[in-house]
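Sequential numbering of the sequence shown, starting at 324, is according to the working numbering. Below is one structure; the comments refer to it alone.
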Amino acid sequence: MKKELYQFQYYRVNDRAALSKEDFDLLDAAYKAAEQAYAPYSNFKVGAAARLVNGVVVLGSNQENASYPVGSCAERVLLGNAAVQFPNVAIDTLAITYLLADRKSDRPVSPCGMCRQALSEFESRVDHSMRLLLAGEQGDVLVLDNAKDLLPFVFQSQHLF
Ligand code: THU
Numbered sequence: 324m325k326k327e328l329y330q331f332q333y334y335r336v337n338d339r340a341a342l343s344k345e346d347f348d349l350l351d352a353a354y355k356a357a358e359q360a361y362a363p364y365s366n367f368k369v370g371a372a373a374r375l376v377n378g379v380v381v382l383g384s385n386q387e388n389a390s391y392p393v394g395s396c397a398e399r400v401l402l403g404n405a406a407v408q409f410p411n412v413a414i415d416t417l418a419i420t421y422l423l424a425d426r427k428s429d430r431p432v433s434p435c436g437m438c439r440q441a442l443s444e445f446e447s448r449v450d451h452s453m454r455l456l457l458a459g460e461q462g463d464v465l466v467l468d469n470a471k472d473l474l475p476f477v478f479q480s481q482h483l484f
């Protein structure tokens with residue numbers, strides 16, 4: 324028996340002025356997307372903005388439903404939009420953030436497990452890693468080099484065959 328270690332590195336940005344203008348603007352687009360979220364049940368409005376490798380920015384926000392499990396997270400709404408509008412075009416950077424009803428969000432958003440799975444497969448299908456910017460309205464921003472890092476032992480197509 325052998326104990327193994329899984330680890331990854333990421334950046335913690337505590338001064339947003341240190342972000343590049345491209346990243347800062349992408350985060351701003353994610354806030355605007357969050358404002359358009361349909362989240363009357365959770366009041367947790369999530370916005371995502373992806374800069375594709377062709378420079379185009381694609382948006383997503385969470386879309387809830389009175390039948391709760393029917394709702395979709397912002398990240399997966401975005402991935403669907405990107406895949407339909409720009410088939411096979413990779414995402415360079417994906418910014419994700421959220422708005423709360425009663426106060427300013429101040430912790431980096433943490434994508435759910437289902438979205439980690441979807442983000443990871445998107446990277447595989449276009450054979451390109453996507454940087455992630457995870458933010459609240461204030462506080463630290465986390466910058467990851469790729470989405471796969473968030474899901475160790477991800478289930479992949481190879482496991483099916
Ligand atoms: N949600 C997202 O859209 N993305 C995340 O990364 C976390 C959670 C949504 C799902 C649901 O509409 C609401 O936030 C509360 O869970």
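For each residue, glycine too, the CB sits at the ideal point set by N, CA and C.
Near residue i, what residues of its chain come up, given a Cβ to Cβ distance below 6 Å and the 5 sequence neighbours on each side ignored?
{"i": "H451", "result": "A413"}
{"i": "N366", "result": "A424"}
{"i": "S395", "result": "Q386"}
Give me whichever residues DSSP pairs with residue i in a beta bridge.
{"i": "F367", "result": "L423"}
{"i": "S384", "result": "G370"}
{"i": "A418", "result": "A372, L456"}
{"i": "S395", "result": "Q386"}
{"i": "L467", "result": "L455"}
{"i": "V336", "result": "V464"}
{"i": "Y354", "result": "Per DSSP, none; premise fails for Y354."}
I'd like to know whether the C-beta atoms of residue i and residue j end up nearer to each other than 9 Å.
{"i": "R374", "j": "V464", "result": "no"}
{"i": "P431", "j": "L457", "result": "yes"}
{"i": "Y361", "j": "Y391", "result": "no"}
{"i": "A372", "j": "K355", "result": "yes"}
{"i": "K427", "j": "E460", "result": "yes"}
{"i": "K368", "j": "A352", "result": "no"}
{"i": "L417", "j": "R454", "result": "yes"}
{"i": "L442", "j": "L402", "result": "yes"}
{"i": "D346", "j": "V466", "result": "yes"}
{"i": "N469", "j": "E444", "result": "no"}
{"i": "D415", "j": "G462", "result": "no"}
{"i": "L350", "j": "T420", "result": "yes"}
Between residue i and chain C, is the shortest Cβ-Cβ distance under 9 Å, so that the two count as touching?
{"i": "K368", "result": "The structure shown contains no chain C; it is built from a single protein chain."}
Ordered along the chain, which non-local residues of its own chain (more than five positions away) have a Cβ less than 8 Å from that of residue i?
{"i": "D472", "result": "F331, Y333"}
{"i": "F478", "result": "Q440"}
{"i": "N404", "result": "V381, L382, G383"}
{"i": "F409", "result": "L375, N377, V379, V381"}
{"i": "V486", "result": "For residue 486 there is no data in the structure shown, the boundaries of the chain being 324 and 484."}
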